[in-house]
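Asks: Numbering (the UniProt record's numbering), first residue to last: 1 to 149.
Idealized CB from N, CA, C, for every residue including glycine.
Got a structure for you, questions after.
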Amino acid sequence: MEAIDWLTEMSRRLEKRIPDREARFEFLRSVHYEAMRAGLDPQLVLGLIQVESGFKKYAVSSAGARGFMQVMPFWIKLVGTSDDNLFHLRTNLRYGCTILRHYLDIERGDLYRALGRYNGSLGQPAYPNMVRMAWQNQWSYTKSKLALR
Numbered sequence: 001m002e003a004i005d006w007l008t009e010m011s012r013r014l015e016k017r018i019p020d021r022e023a024r025f026e027f028l029r030s031v032h033y034e035a036m037r038a039g040l041d042p043q044l045v046l047g048l049i050q051v052e053s054g055f056k057k058y059a060v061s062s063a064g065a066r067g068f069m070q071v072m073p074f075w076i077k078l079v080g081t082s083d084d085n086l087f088h089l090r091t092n093l094r095y096g097c098t099i100l101r102h103y104l105d106i107e108r109g110d111l112y113r114a115l116g117r118y119n120g121s122l123g124q125p126a127y128p129n130m131v132r133m134a135w136q137n138q139w140s141y142t143k144s145k146l147a148l149r
């Protein structure tokens, strides 16, 4: 039941950004699966996606990062196969979550430093602070918060 509550609440919050209900539910199920697979909080991943791409599947940065989690193409050569498409929902989420987990491991659980590495801004506070604010202000979820509504 808790998974259904989470999905329903996150879907409500994401409705303006991804209007199509089926696409929104597929997106959220995929985020939840890939985040949990990598040992990450799904709400943290939603905060990161909000900051990185604004929930735009086909976002491309000036540096060439792609998709929801703004994954740099060089990662394909390092950990993937040449057939991997960074605009594919599950592929992008798997790469992004795996990369963030890798950086968390390198930084021994220090989220601030791991986020800096993810964004290429290690030591600069702006990016980690934006992700943490999005996570806490937009995507934080507990059953008790839901019960208060």
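Residue range of the alpha helix (DSSP H) that P19 falls in?
Replies: Numbered from its first residue, the sequence shown carries residue 19 at position 19. Segment: none, P19 is in no alpha helix (DSSP H) and carries neither H nor E.
Asks: Look up R108 in the DSSP assignment and say whether it is helix, strand or coil.
Replies: If you number the sequence shown from 1, residue 108 lands on position 108. Correct three-state label for R108: coil.
Asks: When burial is assigned at 16 or more other CB atoms within 10 Å of the CB, is A65 buried or exposed?
Replies: Position 65 of the sequence shown holds residue 65. A65 should be labelled buried.
Asks: In chain order, what residues of the same chain have a beta carbon less than 7 Å from the beta carbon of Y85, not counting five sequence neighbours either side?
Replies: To locate residue 85, count along the sequence shown from 1; it is residue 85. The displayed chain sequence assigns Asn, not Tyr, to residue 85. The residues are T91.
Asks: Considering just the uninterrupted stretch of the alpha helix (DSSP H) at M72, what are its terminal residues?
Replies: Against the sequence shown, residue 72 aligns to sequence position 72. Annotation: M72 is outside any alpha helix (DSSP H) and is labelled neither H nor E by DSSP.
Asks: Taking the continuous alpha helix (DSSP H) assigned at D5, which residues delimit it?
Replies: Against the sequence shown, residue 5 aligns to sequence position 5. That run of the alpha helix (DSSP H) goes E2 to L14.
Asks: Check this for me: beta carbons of L100 and Y127, under 8 Å apart or not?
Replies: Within the sequence shown, the letter at position 100 stands for residue 100. Within the sequence shown, the letter at position 127 stands for residue 127. In this structure, Y127 does not lie closer than 8 Å to L100 by Cβ.
Asks: Using the beta-carbon count (16 or more within 10 Å), is H88 buried or exposed?
Replies: The count along the sequence shown starts at 1 and reaches residue 88 at position 88. With fewer than 16 other Cβ atoms within 10 Å, it is exposed.
Asks: Starting from V60, follow its DSSP beta bridges and name the residues at the other end.
Replies: Stepping through the sequence shown from its first residue, residue 60 is reached at position 60. Note: V60 sits in a beta bridge opposite R66.
Asks: Is R17 near F68, with beta carbons less than 8 Å apart?
Replies: Position 17 of the sequence shown holds residue 17. Position 68 of the sequence shown holds residue 68. Against a cut-off of 8 Å, the Cβ pair of F68 and R17 comes out as no contact.
Asks: By Cβ distance below 7 Å, which residues in the same chain neighbour G116 in space, the five residues on each side in sequence not counted?
Replies: Residue 116 sits at position 116 when you count from the first residue of the sequence shown. Listed in chain order, the non-local C-beta contacts of G116 below 7 Å within the same chain comprise L122, G123, Q124, Y127 and P128, local neighbours out to five positions each way being set aside.
Asks: Express the C-alpha separation of Q138 and R13 in angstroms, rounding to a whole number.
Replies: As a first step, residue 13 must be located in the sequence shown, where it is residue number 13. As a first step, residue 138 must be located in the sequence shown, where it is residue number 138. Taking the straight line joining both Cα atoms gives about 8 Å.
Asks: State yes or no: is the C-beta of A59 within less than 8 Å of the C-beta of Q70?
Replies: For the purposes of this step, residue 59 is taken as the residue at position 59 of the sequence shown. For the purposes of this step, residue 70 is taken as the residue at position 70 of the sequence shown. The answer is yes: Cβ separation under 8 Å.
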